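Colleague:
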Amino acid sequence: MPGPADMGTHPTIGLAAAPWGLSRRRSRRSLVGGTSWLLTGITLAALAGAFFLFVVQSIPVWKHEGGGYLTGTRWFFRKETFGAAPMIYGTLAVAIIALLLAAPVGIGAAVFTSEYLPRRMRMGVKLLIELLAGIPSVVYGLLGVLLLRNYVYELMNWMGLEPLSGDSLLTASLLLAIMILPTVMTLADDALQAVPGMQRQAARGLGLTRSQMILSVLLPQAKGGLAAALLLALGRALGETIAVFLVVGRQDNQWPDPLWSPQPLLNAGQTLTSKLGGAETNIAYGDPLHWAAMVGLGLVLLVGVAGVTLAGAVLSGRTERSGQATPAANGSSQDAELSRRTLPAEKTSALPNTGAIISGEGRRRRSVWNRVFGSLMGGCAILSCGVLIWALSAILLRGLPAVSWNFLTEQIRLVGAAGGIFYNLVGTLILIVTAALVAAPLAMAMALVHSMYLPRGSRRRGLTVVLYALNSVPSILFGIVGLIVFVKGLGWGKSWLGGGILLGVMILPTVTVSLIERIKMMPTRYIDAARGLGLSRSQAIRSVVIPQCFGGLITGLLLGLARAAGETAPIMFTATIFAGVSVPHGVVESPVLSLPYHIFILAQDSFDPGVAGKVWGTATVLLGLVFLLNLVALPIRLQVHEEATHAA
Amino acid sequence: MTHSLKRVAILATMTGLVGLLGGASKAMEALKINGSTTVNLPAAEAAEILRSEKGLQIQVDTQGGSSGGISMLADGLMQIGMSSKHVSEDDRKKYPKIKFVETHIGEDAVALIVSKDVWDGGVKALSKAEAKQIYEGKITNWKALGGPDRRIAFFNKEPGRGTWEVFAHWMYGNPKSAPEVSFPEVGGNEETRNKVASTRGAISQLSSSWADGKTVFALGIKADNGSVIEPTVENISNLKYPMSRPLFLLTNGEPSGEAKVFVDFMLSTRGQELVRKHGYLSLDQLKTKNAGAVP
Numbered sequence: 024m025p026g027p028a029d030m031g032t033h034p035t036i037g038l039a040a041a042p043w044g045l046s047r048r049r050s051r052r053s054l055v056g057g058t059s060w061l062l063t064g065i066t067l068a069a070l071a072g073a074f075f076l077f078v079v080q081s082i083p084v085w086k087h088e089g090g091g092y093l094t095g096t097r098w099f100f101r102k103e104t105f106g107a108a109p110m111i112y113g114t115l116a117v118a119i120i121a122l123l124l125a126a127p128v129g130i131g132a133a134v135f136t137s138e139y140l141p142r143r144m145r146m147g148v149k150l151l152i153e154l155l156a157g158i159p160s161v162v163y164g165l166l167g168v169l170l171l172r173n174y175v176y177e178l179m180n181w182m183g184l185e186p187l188s189g190d191s192l193l194t195a196s197l198l199l200a201i202m203i204l205p206t207v208m209t210l211a212d213d214a215l216q217a218v219p220g221m222q223r224q225a226a227r228g229l230g231l232t233r234s235q236m237i238l239s240v241l242l243p244q245a246k247g248g249l250a251a252a253l254l255l256a257l258g259r260a261l262g263e264t265i266a267v268f269l270v271v272g273r274q275d276n277q278w279p280d281p282l283w284s285p286q287p288l289l290n291a292g293q294t295l296t297s298k299l300g301g302a303e304t305n306i307a308y309g310d311p312l313h314w315a316a317m318v319g320l321g322l323v324l325l326v327g328v329a330g331v332t333l334a335g336a337v338l339s340g341r342t343e344r345s346g347q348a349t350p351a352a353n354g355s356s357q358d359a360e361l362s363r364r365t366l367p368a369e370k371t372s373a374l375p376n377t378g379a380i381i382s383g384e385g386r387r388r389r390s391v392w393n394r395v396f397g398s399l400m401g402g403c404a405i406l407s408c409g410v411l412i413w414a415l416s417a418i419l420l421r422g423l424p425a426v427s428w429n430f431l432t433e434q435i436r437l438v439g440a441a442g443g444i445f446y447n448l449v450g451t452l453i454l455i456v457t458a459a460l461v462a463a464p465l466a467m468a469m470a471l472v473h474s475m476y477l478p479r480g481s482r483r484r485g486l487t488v489v490l491y492a493l494n495s496v497p498s499i500l501f502g503i504v505g506l507i508v509f510v511k512g513l514g515w516g517k518s519w520l521g522g523g524i525l526l527g528v529m530i531l532p533t534v535t536v537s538l539i540e541r542i543k544m545m546p547t548r549y550i551d552a553a554r555g556l557g558l559s560r561s562q563a564i565r566s567v568v569i570p571q572c573f574g575g576l577i578t579g580l581l582l583g584l585a586r587a588a589g590e591t592a593p594i595m596f597t598a599t600i601f602a603g604v605s606v607p608h609g610v611v612e613s614p615v616l617s618l619p620y621h622i623f624i625l626a627q628d629s630f631d632p633g634v635a636g637k638v639w640g641t642a643t644v645l646l647g648l649v650f651l652l653n654l655v656a657l658p659i660r661l662q663v664h665e666e667a668t669h670a671a
Numbered sequence: 148m149t150h151s152l153k154r155v156a157i158l159a160t161m162t163g164l165v166g167l168l169g170g171a172s173k174a175m176e177a178l179k180i181n182g183s184t185t186v187n188l189p190a191a192e193a194a195e196i197l198r199s200e201k202g203l204q205i206q207v208d209t210q211g212g213s214s215g216g217i218s219m220l221a222d223g224l225m226q227i228g229m230s231s232k233h234v235s236e237d238d239r240k241k242y243p244k245i246k247f248v249e250t251h252i253g254e255d256a257v258a259l260i261v262s263k264d265v266w267d268g269g270v271k272a273l274s275k276a277e278a279k280q281i282y283e284g285k286i287t288n289w290k291a292l293g294g295p296d297r298r299i300a301f302f303n304k305e306p307g308r309g310t311w312e313v314f315a316h317w318m319y320g321n322p323k324s325a326p327e328v329s330f331p332e333v334g335g336n337e338e339t340r341n342k343v344a345s346t347r348g349a350i351s352q353l354s355s356s357w358a359d360g361k362t363v364f365a366l367g368i369k370a371d372n373g374s375v376i377e378p379t380v381e382n383i384s385n386l387k388y389p390m391s392r393p394l395f396l397l398t399n400g401e402p403s404g405e406a407k408v409f410v411d412f413m414l415s416t417r418g419q420e421l422v423r424k425h426g427y428l429s430l431d432q433l434k435t436k437n438a439g440a441v442p
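Those protein sequences? They're chains H and E, same order as listed. Taking our numbering as reference, the numbering of the first sequence is continuous, increasing by one, and the terminal residue is 671. Taking our numbering as reference, the numbering of the second sequence is continuous, increasing by one, and the terminal residue is 442.
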């Protein structure tokens, strides 16, 4: 990464003596600016277009059912009865229970890592958790369908609940709780770290124990950030498709009576996403009313998830702003770090309480409670790590024995029962490279427009909101849009290009935000120096900002691709088939094989006992790929962090 | 470091773009097959043989089951549909321009399969009336059928699957007259087998060749005269067993070109061996010529 010394490598630029204070009109005419605006405009138009597709294509069902589409409890497509209420109920029930399970454990674990662990260990735990957040949903689905649903079934039998089967809303919410745990934990940790260290010191100085400080100062202060963390996790839970699909049972028309009765949770159900991911999506296409009913489910899901996620974004934004209002909170997390370094954990706990006025009895009670609280939080952290390590080891123990050189280099034989996954690996690589090529220029353009060309204020915030909204879009909806636009509209059929474009757009927010963060962290004196040398705005952007952003671009891409590599829902209708292709030679009707779809199909339709090893092996390879991408991104992320700290 | 990285990235981008444009100009002609997971077993293996022996490009997928095969063939997305049911009049009306040709390659029986506890509990056969009562939710405990005291967990094959249509046809004469019911749905055959095997009191519809007799068991059908008809080769081929179904390869018009090579292979001795290998009846095992016209 070039430091300020590298500025001297562009001596000629100083000769092009254009004044910095150009009017914005003129600078927009520059190549970089023009391209950035154009690409951003195209992207925004495409997103708006996709949204209108959902609105327009669902019109017939609104005409047919009216408001009853949302409140109707019966769905029989052969009789043209479309009531989505049981699916809305299923979606909400599954996501909310998952959140209720994950929230206390996740927040407790975050309190422990943030307030009890020394800095290095905290970073270690956080990295582990973030790595685990990258486990693709199809892998969780595999764990769910082959292990968790049986555990839940046996457990419920043991409790005398007499479940009908292991497929239930409860099973789905348990699986989801595990999936969103890393999200809750890592975002809650961020929220706690954002509370200025001075607050902690002041509280401890007043004689509060650590547990009292956490309960009466830290958590109330971090309230907004914690709520935002929960809302963002809820958004993810609402939109999850593949994992839920495999364990929820997909039973239509499960309407609880009374509404709050817990019994239906033990039964099979249907969610908006499991319906969209199922066989009906293929059957419905071509029948305008039935298709409208399916697209309508997508619209309901989109509006709901975007609403929840934006509420979370607004909350976290507000906390951030109010945090910045107090000077002590500037660069809050580093501040907190700093203050704790001057007041190390061991020393603080050894400080005598200013509790002269507190009786010995009270002091003892306080210290017991303090310890109980600490162990409770530690327990949450151990539980979180334990669950995630269980998930990981369950996969690796079964999968590693199946992975061999031949497994990686042979192609599928005997419908997955023999041979390897060579072309699945190749297909997944083709998809993510395409996604990277799509996302890189668009993200660069949007980041420049956001941070360099748009004035601070409402329009810039507007673009941020768009990015947040796009990030929250459930991945199955990309699949539906792709089916409408690429597969049918453009007549591409299943094509790697369609899938690559969808994945590229899906990871756009990750890449863009990474770039925006990078630009934000860039010391202003770089640009000041460029200005001082007489560079025009577009020249400064081209020769200072863009090269400096490169690390951010790579990081964002790697993180985005780690997610894209494991996604099933966007590509299953649009880009990938089970067997019989190698490398695509064109665009139209040129599907690829892929790792996640292979797992998804084999999880439902393995043809031979020998397949079990193969499917766990495929999951292991997919995990390896995802972790590799995350790990490669890591040093760059740390370096950027270091540099920012250094330059600040 | 940044600069060399940048150069690499630009180079990669350009190579990618050039490759993309170059590739886009010549679309590859591969034979595409999609549909029923039941037909998929022998078809996918046949495709592997033809790929290695004749170097044919064949893609096989199982999206949407038989209905997916029919609709995607009609949409021109593939050349051969796999189906474990006849193309219905409705399908033909929906796609008037398509001339569906069914090539019969074998026969399969749909069985009602149950989990081990039900089988061991004494339920070995059901009559049509009993099956109907289960499906309509009038009988919800195996006790009423002479089995263990356990609730009946019915896993219904999802709509569009040939298996479900054969079942509905048997009970109601026409899938459209089947009553509106809601059960947990299952898709692929293995998913069905797994879920039935791991759930006590479970029953589902499944291709009889998947009933291994260890984890899941195929029930016989009690005829009106009280005799029990098992889904055996004998009973399927002489049409005694009521829930059998033809396995078809569908083409738009008579098969030609590579599609014909594939269809011919399935009808050849080796292709028919594959049909038998996966537990279905090959054509020569079918004693009645028009067995394919059962439903």
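Ideal Cβ placement from N, Cα and C applies to all residues, glycine included. The model shown is predicted, which means the values in this text are computed figures rather than measured ones.
Within the chosen definition, does the segment 320 to 332 of chain E reach the segment 243 to 250 of chain E through at least 3 CB pairs nearer than 8 Å?
Modeller: Contact fails: fewer than three Cβ-Cβ distances are below 8 Å.
Colleague: Apart from the five residues on each side of it in sequence, which residues of its chain come closer than 8 Å, Cβ to Cβ, to residue 653 (chain H)?
Modeller: Cβ neighbours of residue 653 (chain H) beyond the five flanking positions: 153, 154, 157, 581, 582, 585.
Colleague: Among E:178, E:184, E:181, E:190, which residue has its Cα nearest to the Cα of residue 421 (chain E)?
Modeller: Cα-wise, what sits closest to residue 421 (chain E) is E:190.
Colleague: Chain E beta carbons: is any one of them nearer than 8 Å to that of residue 656 (chain H)?
Modeller: No, its Cβ sits nowhere closer than 8 Å to a Cβ of chain E.
Colleague: Alpha carbons only, please: which of H:522, H:579, H:525, H:223 is nearest the one belonging to residue 533 (chain H)?
Modeller: Looking at the Cα atoms, H:579 is the closest of the given residues.
Colleague: Please classify residue 38 (chain H) as buried or exposed, where buried requires at least 16 other C-beta atoms within 10 Å of its C-beta.
Modeller: Since pLDDT at residue 38 (chain H) reaches only 31, below the 50 mark, its modelled position is unreliable, and the value read off the structure follows with that caveat. Exposed, since its Cβ has fewer than 16 Cβ neighbours within 10 Å.
Colleague: Just to make sure I have the definition right: I need the residues of chain E whose C-beta is within less than 7 Å of the C-beta of residue 603 (chain H). Which are they?
Modeller: Near residue 603 (chain H) (Cβ distances below 7 Å), the residues of chain E are 194, 205, 206, 207.
Colleague: Taking contact to mean at least 3 C-beta pairs separated by less than 8 Å, is the segment 347 to 357 of chain E in contact with the segment 286 to 297 of chain E?
Modeller: Segments in contact, yes.
Colleague: Compare the beta carbon distance of residue 408 (chain E) and residue 602 (chain H) with 8 Å and say whether it is the shorter of the two.
Modeller: Taking 8 Å as the Cβ cut-off, residue 408 (chain E) and residue 602 (chain H) do not qualify as a contacting pair.
Colleague: In this structure, does DSSP put residue 448 (chain H) in helix, strand or coil?
Modeller: Correct three-state label for residue 448 (chain H): helix.
Colleague: Looking at residue 179 (chain H) and residue 289 (chain H), is the spacing between their C-beta atoms short of 8 Å?
Modeller: Yes; because the gap between Cβ atoms is below 8 Å, this pair is in contact.
Colleague: Give me the Cα-Cα distance between residue 538 (chain H) and residue 517 (chain H), rounded to the nearest whole angstrom.
Modeller: The straight-line gap from Cα to Cα measures roughly 32 Å.
Colleague: Helix, strand or coil for residue 333 (chain E)? Go by DSSP, reduced to three states.
Modeller: The answer is strand: DSSP assigns residue 333 (chain E) an E or B state.
Colleague: Could you check if residue 82 (chain H) is buried or exposed, using at least 16 other CB atoms within 10 Å of its CB as the buried criterion?
Modeller: Exposed is the call here.
Colleague: Whole angstroms is fine: what's the gap from residue 230 (chain H)'s alpha carbon to residue 138 (chain H)'s?
Modeller: Their Cα atoms are separated by approximately 17 Å.
Colleague: Which residues of the segment 299 to 324 of chain H have a Cβ closer than 9 Å to any Cβ of chain E? Give them in chain order.
Modeller: If the cut-off is 9 Å between Cβ atoms, the segment 299 to 324 of chain H has 301, 302, 303, 304, 305, 306, 308, 309, 310 near chain E.
Colleague: Please go through the same chain and pick out, in chain order, the residues whose beta-carbon is closer than 6 Å to the beta-carbon of residue 316 (chain H), but skip the five residues on each side of it.
Modeller: Around residue 316 (chain H): 84, 105.
Colleague: Rounding to the nearest angstrom, what Cα-Cα distance links residue 645 (chain H) and residue 447 (chain H) in this structure?
Modeller: Near 10 Å, if we compare the C-alpha coordinates of residue 447 (chain H) and residue 645 (chain H).
Colleague: Put residue 392 (chain E) into one of helix, strand or coil per three-state DSSP.
Modeller: Reduced to three states, the DSSP call for residue 392 (chain E) is strand.
Colleague: What does the Cβ neighbour count give for residue 75 (chain H), buried or exposed, with the cut at 16 atoms within 10 Å?
Modeller: It is exposed - the Cβ of residue 75 (chain H) has fewer than 16 other Cβ atoms within 10 Å.
Colleague: What separation, rounded to the nearest whole angstrom, lies between the Cα atoms of residue 417 (chain E) and residue 66 (chain H)?
Modeller: Rounded to the nearest angstrom, the two C-alpha atoms are 53 Å apart.
Colleague: Note down, in chain order, each residue of its chain lying with its Cβ closer than 7 Å to the Cβ of residue 369 (chain E), except the 5 sequence neighbours on either side.
Modeller: Excluding sequence neighbours, residue 369 (chain E) sits near 272, 273, 274, 375.
Colleague: If you run the structure through DSSP and keep just helix, strand and coil, what is residue 48 (chain H)?
Modeller: Here the model assigns residue 48 (chain H) a pLDDT of 44, short of 50, so the residue's position is not dependable and the matter cannot be decided.
Colleague: Any C-beta of chain E within less than 9 Å: which residues of the segment 610 to 626 of chain H qualify?
Modeller: From the segment 610 to 626 of chain H, only 610, 611, 612, 613, 614, 624, 625, 626 have a Cβ closer than 9 Å to chain E.
Colleague: Can you tell me whether residue 243 (chain H) is buried or exposed? The criterion is at least 16 other CB atoms within 10 Å of its CB, across all chains shown.
Modeller: Result: exposed.
Colleague: Once the 5 residues before and after residue 232 (chain H) are set aside, which same chain residues still bring their CB inside 8 Å of it?
Modeller: Once the five neighbours on either side are set aside, the close Cβ partners of residue 232 (chain H) are 376, 389, 390, 392, 393.
Colleague: For residue 332 (chain E), which residues of its own chain have a beta-carbon under 6 Å away from its beta-carbon, when the five flanking residues on both sides are left out?
Modeller: Closer than 6 Å at Cβ, skipping near neighbours: 303, 305.
Colleague: Using alpha carbons as the reference points, say which of E:268, E:309, E:210 lies closest to residue 291 (chain E).
Modeller: Ranking the options by Cα distance to residue 291 (chain E), first place goes to E:268.
Colleague: Report back the beta-carbon spacing between residue 199 (chain H) and residue 103 (chain H) to the nearest angstrom; my notes put them in contact at under 8 Å.
Modeller: The Cβ separation is near 32 Å, so there is no contact.
Colleague: Taking just the CA atoms, how far does residue 204 (chain H) sit from residue 259 (chain H)?
Modeller: The straight-line gap from Cα to Cα measures roughly 11 Å.
Colleague: Quick check on the burial criterion: 16 or more other C-beta atoms within 10 angstroms. Buried or exposed for residue 536 (chain H)?
Modeller: Under this definition residue 536 (chain H) is a buried residue.
Colleague: Can you give, in chain order, each stretch of the alpha helix (DSSP H) that sits fully within the segment 260 to 296 of chain H and has at least 4 residues?
Modeller: Counting whole runs of 4 or more residues, the segment 260 to 296 of chain H contains the alpha helix (DSSP H) stretches 265 to 270.
Colleague: Measure the alpha-carbon distance for residue 519 (chain H) versus residue 497 (chain H) and round it to whole angstroms.
Modeller: One C-alpha to the other measures close to 20 Å.
Colleague: Mind checking whether the beta-carbon of residue 224 (chain E) lies closer than 7 Å to any heavy atom of the ligand NAD?
Modeller: Absence of the ligand NAD from the depicted structure is noted, as is the absence of any ligand whatsoever, leaving it without description.
Colleague: Establish whether the CB of residue 280 (chain E) and some CB of chain H are separated by less than 8 Å.
Modeller: Cβ-Cβ to chain H under 8 Å: no for residue 280 (chain E).
Colleague: Report all residues from its chain with a CB closer than 7 Å to the CB of residue 190 (chain H); omit the five preceding and five following residues, and keep chain order.
Modeller: The answer, listed in chain order, is 172, 270, 271, 272, 291.
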